[in-house]
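Student:
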Amino acid sequence: METILSLNNLTKRFGRITAVDNLSFSIEKGNVYGILGPNGSGKSTTLGMVLNVVNKTSGDFQWFDGNMSTHEALKKVGAIIEHPNFYPYMTAEQNLKLVCKIKGTKKSKVAEKLEIVGLLDRKDSKFKTFSLGMKQRLAIASALLNDPEILILDEPTNGLDPQGIHQIREIIRKIAAGGTTILLASHLLDEVEKVCSHVVIIRKGEKLYSGPVDQIINSFGFFELKATDMTKLEELLRTHPKIGNITEKEGTLTAILDEPMEAEEINRFLFEKGLSLSYLNKRKESLEEQFLQLTNQTAQN
Amino acid sequence: MLRLLEIEYNKLRYSRSARILIITYFILITFIALIASIEFKIGEFEFRVADQGIFNFPYIWHFNSYIAAILKLFLAIVIVSMMSNEYSNRTIKQNLIDGLSKKEFVLSKFLTVLAFSGISTLFLFVVTLILGLSFSDYNELSIVFSDLEYLLAYFIKLTGFFAFCMFLGILVKRSAFALGFLVVWVIIENIIYGILNFRIFKGTDIAGKIMQFFPLESMSNLIVEPFSRLNAVQAAANQIGGELNKDYGIHWYQLIIVSIWILIFVYFSFILLKKRDL
Numbered sequence: 001m002e003t004i005l006s007l008n009n010l011t012k013r014f015g016r017i018t019a020v021d022n023l024s025f026s027i028e029k030g031n032v033y034g035i036l037g038p039n040g041s042g043k044s045t046t047l048g049m050v051l052n053v054v055n056k057t058s059g060d061f062q063w064f065d066g067n068m069s070t071h072e073a074l075k076k077v078g079a080i081i082e083h084p085n086f087y088p089y090m091t092a093e094q095n096l097k098l099v100c101k102i103k104g105t106k107k108s109k110v111a112e113k114l115e116i117v118g119l120l121d122r123k124d125s126k127f128k129t130f131s132l133g134m135k136q137r138l139a140i141a142s143a144l145l146n147d148p149e150i151l152i153l154d155e156p157t158n159g160l161d162p163q164g165i166h167q168i169r170e171i172i173r174k175i176a177a178g179g180t181t182i183l184l185a186s187h188l189l190d191e192v193e194k195v196c197s198h199v200v201i202i203r204k205g206e207k208l209y210s211g212p213v214d215q216i217i218n219s220f221g222f223f224e225l226k227a228t229d230m231t232k233l234e235e236l237l238r239t240h241p242k243i244g245n246i247t248e249k250e251g252t253l254t255a256i257l258d259e260p261m262e263a264e265e266i267n268r269f270l271f272e273k274g275l276s277l278s279y280l281n282k283r284k285e286s287l288e289e290q291f292l293q294l295t296n297q298t299a300q301n
Numbered sequence: 001m002l003r004l005l006e007i008e009y010n011k012l013r014y015s016r017s018a019r020i021l022i023i024t025y026f027i028l029i030t031f032i033a034l035i036a037s038i039e040f041k042i043g044e045f046e047f048r049v050a051d052q053g054i055f056n057f058p059y060i061w062h063f064n065s066y067i068a069a070i071l072k073l074f075l076a077i078v079i080v081s082m083m084s085n086e087y088s089n090r091t092i093k094q095n096l097i098d099g100l101s102k103k104e105f106v107l108s109k110f111l112t113v114l115a116f117s118g119i120s121t122l123f124l125f126v127v128t129l130i131l132g133l134s135f136s137d138y139n140e141l142s143i144v145f146s147d148l149e150y151l152l153a154y155f156i157k158l159t160g161f162f163a164f165c166m167f168l169g170i171l172v173k174r175s176a177f178a179l180g181f182l183v184v185w186v187i188i189e190n191i192i193y194g195i196l197n198f199r200i201f202k203g204t205d206i207a208g209k210i211m212q213f214f215p216l217e218s219m220s221n222l223i224v225e226p227f228s229r230l231n232a233v234q235a236a237a238n239q240i241g242g243e244l245n246k247d248y249g250i251h252w253y254q255l256i257i258v259s260i261w262i263l264i265f266v267y268f269s270f271i272l273l274k275k276r277d278l
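Chains W and P, in that order, give the protein sequences.
Oh and the first sequence: position 61 is 61 in the UniProt record's numbering, straight run, nothing missing.
Oh and the second sequence: position 277 is 277 in the UniProt record's numbering, straight run, nothing missing.
Here's what the structure looks like:
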């Protein structure tokens with residue numbers, strides 16, 4: 001697979017604080033990546049370094065095959081960081097044309113990209129008259145101008161109202177469906193879960209995990225069960241070899257699997273022992289649960 | 001190079017305040033012509049500025065480049081704000097992300113500085129030529145085009161001053177504070193001169209010799225005031241027994257001092273930008 005970006009022990013220190021600590025991962029073409037981490041975990045600093053606005057302390061990174069300077073490579077990248085930054089006194093169209101000049105692309109793309117983000121009818125309005133949602137959409141249009149090999153978005157829905165968040169997500173999904181590689185930094189787990197196929201999880205500047213979304217923790221899922229006789233249910237479950245930890249919460253038992261098992265199997269097992277269930281559900285951990293488990297594990301280690 | 005200039009041109013073109021300041025600046029330069037119409041009466045004595053020979057070639061090159069240089073403050077405001085606005089709008093960050101290198105960024109700003117100085121010089125050349133051809137007593141080509149080094153000095157002086165403004169804009173990041181810093185710097189240079197001249201090197205000319213290496217002093221040294229060169233003033237001085245023996249020329253070492261400052265300002269603008277995390 002074609003590598004678009006690779007980080008190699010990238011480190012950034014601000015004085016005594018280490019914001020990014022020996023971070024290594026790589027971005028392959030065609031996938032949608034999420035960088036997950038709590039606020040202040042070093043996501044933006046990492047992106048800042050590969051985008052030429054933050055100076056690295058040590059380590060290195062490489063764009064594409066590593067044969068071009070960072071600023072040349074960035075002409076093939078579309079990126080927005082936190083706030084949409086444009087010249088307030090210029091109109092949407094004038095701003096985008098300026099970006100075309102910097103990136104060295106044709107101006108004919110401007111209308112096309114404004115159409116994608118639904119701002120074509122506001123192209124002659126000054127940037128300062130835009131709402132935050134519109135500013136963010138203009139930023140996406142600007143990032144798309146050069147038909148980038150990779151689109152980097154840092155907290156694209158930060159501070160938007162639900163409608164704005166929905167619009168941005170729809171746009172991202174459309175772009176992803178078109179086969180563009182996307183790198184999305186966010187602390188909103190459901191956001192990443194909805195659009196990303198791969199994740200990089202960092203905490204306090206250290207990488208905890210990088211890989212496909214569904215393999216974050218080695219897990220076979222878990223059952224949620226209910227029966228009239230809860231004590232008997234728990235006793236029976238404890239005797240089953242494939243079941244590990246059992247916890248109770250709000251009248252429901254959660255049984256974590258040590259080995260793969262289907263719902264029919266546990267249902268048959270319990271029925272043969274003379275217990276019928278009133279509720280049975282097999283689930284995989286949501287990204288949020290996986291994330292919390294992973295961060296807790298590492299905290300304990 | 002053209003691409004960088006074009007980028008800057010587009011940034012300035014749509015800014016209303018920049019447009020107004022630039023237009024005002026050029027209109028004010030043409031207003032030098034109005035000095036010609038100044039006339040006043042002291043008793044029986046009728047005084048017309050135009051008759052004093054200030055529009056005579058080649059003196060007019062000196063006079064106009066001195067007067068026009070005073071107006072540089074207008075463009076200085078434009079340059080300081082074009083630097084600091086990139087910070088306050090965070091557009092510098094976006095420019096870099098979009099694929100402009102830090103070197104290109106500083107270069108694009110410096111090219112704009114050069115363009116401002118170049119256009120000003122060209123403009124001044126045309127205005128002065130027209131003014132001189134209409135009022136000068138001597139119109140021989142050899143006289144008309146002598147002393148043109150004043151225009152070179154004017155160009156270097158403007159470039160130096162604007163490069164200083166550019167550096168301050170990057171250093172301070174806020175236009176109001178950067179302009180404030182400029183004023184403070186003027187005062188600092190004056191205080192240093194005062195201390196050197198009246199305390200440490202009292203009664204010698206060493207103070208002046210040291211001061212000529214300071215940025216603003218070196219720029220103002222380039223073109224000496226032209227007023228005491230006027231016939232009327234010379235005559236008046238002779239009458240009261242004093243003699244004005246001033247050096248009005250342009251000196252190569254002064255041009256070099258300012259040129260070195262220009263290099264320093266551009267280089268340190270780049271270093272500042274390179275070292276900073278945005």
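Beta carbons: idealized from backbone N, C-alpha and C, even for Gly.
Note that the structure is a prediction, hence the values are computed from the model and not measured.
Can you grab the Cα-Cα spacing for the pair W:Leu-287 / P:Ser-17, in whole Å?
Tutor: Roughly 51 angstroms separates the two Cα atoms.
Student: Between the Cα of W:Asn-31 and those of W:Leu-184, W:Lys-56 and W:His-83, spot the shortest distance and give me the residue it belongs to.
Tutor: Comparing Cα positions, the closest option is W:Leu-184.
Student: Write down the C-beta distance between P:Trp-61 and P:Leu-151 rounded to the nearest angstrom, noting that I regard them as a contact closer than 8 angstroms.
Tutor: P:Trp-61 to P:Leu-151, Cβ: 7 angstroms. Contact.
Student: Would you mind giving the Cβ-Cβ distance between P:Leu-12 and P:Met-82, rounded to the nearest angstrom? I have them listed as a contact below 8 angstroms.
Tutor: Indeed, because the Cβ distance is near 6 angstroms, the residues count as touching under 8 angstroms.
Student: So what's W:Gly-59 in DSSP terms, helix, strand or just coil?
Tutor: Of the three classes helix, strand and coil, the one that applies to W:Gly-59 here is strand, per DSSP.
Student: With C-beta atoms as the reference, is W:Met-90 less than 8 angstroms away from W:Phe-130?
Tutor: For W:Met-90 and W:Phe-130, no; Cβs fall outside 8 angstroms.
Student: Going along the chain, which residues of its own chain have a beta-carbon closer than 7 angstroms to the beta-carbon of P:Ile-170, five neighbours each way excluded?
Tutor: Within the same chain, P:Ile-170 has close Cβ partners Met-83, Ser-269, Leu-272 and Leu-273.
Student: Return yes when the Cβ of W:Thr-105 is within less than 8 angstroms of the Cβ of W:Asn-52, no when it is not.
Tutor: Their beta carbons are not under 8 angstroms apart, which means W:Asn-52 does not touch W:Thr-105 by this criterion.
Student: Pick helix, strand or coil for P:Leu-21, following the three-state DSSP scheme.
Tutor: It is helical.
Student: Along the segment 102–119 of chain W, what residues have a CB closer than 9 angstroms to any CB found in chain P?
Tutor: Residues Ile-102, Lys-103 and Gly-104.
Student: Measure the CB-CB distance between W:Val-195 and W:Ile-172 and report whether it falls below 8 angstroms.
Tutor: Yes.
Student: Excluding the five sequence neighbours on either side, which residues of its own chain have a C-beta within less than 8 angstroms of the C-beta of W:Asn-95, listed in chain order?
Tutor: Excluding residues within five positions, the ones whose Cβ falls inside 8 angstroms are Phe-86, Tyr-87, Phe-127, Leu-138 and Ser-142.
Student: When you compare only the Cα positions, how much space is there between P:Leu-133 and P:Ile-22?
Tutor: About 26 angstroms.
Student: Need the endpoints of the beta strand (DSSP E) that W:Lys-226 sits in, please.
Tutor: Where W:Lys-226 is concerned, the enclosing beta strand (DSSP E) stretches over 222–227.
Student: Going by DSSP, what residues sit across from P:Leu-124 in a beta bridge?
Tutor: DSSP lists no partner for P:Leu-124.
Student: Given a threshold of 16 other Cβ atoms within 10 Å of its Cβ, counted over all protein chains shown, does P:Tyr-253 qualify as buried or as exposed?
Tutor: P:Tyr-253 should be labelled exposed.
Student: List the endpoints of the continuous beta strand (DSSP E) containing W:His-240.
Tutor: It is not in any beta strand (DSSP E) - W:His-240 carries neither H nor E in the DSSP assignment.
Student: So which of P:Ser-65, P:Leu-75 and P:Ile-7 has the shortest CA-CA distance to P:Thr-24?
Tutor: With distances taken between Cα atoms, P:Thr-24 lies closest to P:Leu-75.
Student: According to a CB-to-CB cut-off of less than 7 angstroms, which residues of the segment 92–117 of chain P neighbour chain W?
Tutor: Listed in sequence order: Lys-93, Gln-94, Asn-95, Leu-96, Ile-97, Asp-98, Gly-99, Leu-100 and Ser-101.
Student: Within 8 angstroms of any Cβ in chain P, is that where the Cβ of W:Pro-148 sits?
Tutor: Chain P, which has no Cβ nearer than 8 angstroms to the Cβ of W:Pro-148, makes this no.
Student: Let me see if you follow: with CB-CB separation under 8 angstroms, is P:Arg-19 close to chain W or not?
Tutor: No, its Cβ sits nowhere closer than 8 angstroms to a Cβ of chain W.
Student: Thinking just about the alpha-carbon of each residue, which of W:Val-110, W:Gly-205, W:Glu-206 and W:Glu-28 is nearest to the one in W:Val-92?
Tutor: One detail in the question is off: residue 92 of chain W reads as Ala in this sequence, not Val. Minimum Cα distance to W:Ala-92 is reached at W:Val-110.
Student: Against P:Leu-278, what residues of chain W qualify as contacts under a CB-to-CB distance less than 8 angstroms, listed in chain order?
Tutor: The answer, in chain order, is Gly-48, Val-53 and Val-54.
Student: Along chain W, in chain order, which residues have C-beta atoms closer than 7 angstroms to that of residue 279 of chain P?
Tutor: Any question about residue 279 of chain P goes unanswered here, given that chain P covers just 1 to 278.
Student: Is P:Leu-4 near P:Leu-158, with beta carbons less than 8 angstroms apart?
Tutor: Not in contact: P:Leu-4 and P:Leu-158 (Cβ atoms no closer than 8 angstroms).
Student: Along the chain, where does the alpha helix (DSSP H) that runs through W:Ala-92 open and close?
Tutor: Segment 92–103, the alpha helix (DSSP H) holding W:Ala-92.
Student: Measure the C-alpha to C-alpha separation of W:Lys-29 and P:Leu-182 and round it to an integer number of angstroms.
Tutor: In a straight line, the C-alpha of W:Lys-29 is about 51 angstroms away from that of P:Leu-182.
Student: For a contact meaning CB atoms closer than 9 angstroms, what does P:Lys-11 contact in chain W?
Tutor: Residues of chain W passing the Cβ test: Tyr-87, Met-90 and Leu-98.
Student: Looking at the secondary structure, which residues open and close the alpha helix (DSSP H) in which P:Ile-156 lies?
Tutor: Run containing P:Ile-156: 149–172, per the alpha helix (DSSP H) assignment.
Student: So what does DSSP say about W:Leu-5, is it helix, strand or coil?
Tutor: The answer is strand: DSSP assigns W:Leu-5 an E or B state.
Student: Could you list the residues in the segment 148–174 of chain P with a C-beta less than 7 angstroms from some C-beta on chain W, going in chain order?
Tutor: The segment 148–174 of chain P vs chain W, Cβ under 7 angstroms: nothing.
Student: On the three-state DSSP scale, how would you describe W:His-198?
Tutor: W:His-198: strand per DSSP, three-state reduction.
Student: Give me the Cα-Cα distance between P:Glu-149 and P:Gly-160, rounded to the nearest whole angstrom.
Tutor: About 16 angstroms.
Student: Does the beta carbon of P:Tyr-87 sit closer than 8 angstroms to a beta carbon anywhere in chain W?
Tutor: By this cut-off, P:Tyr-87 is not an interface position.
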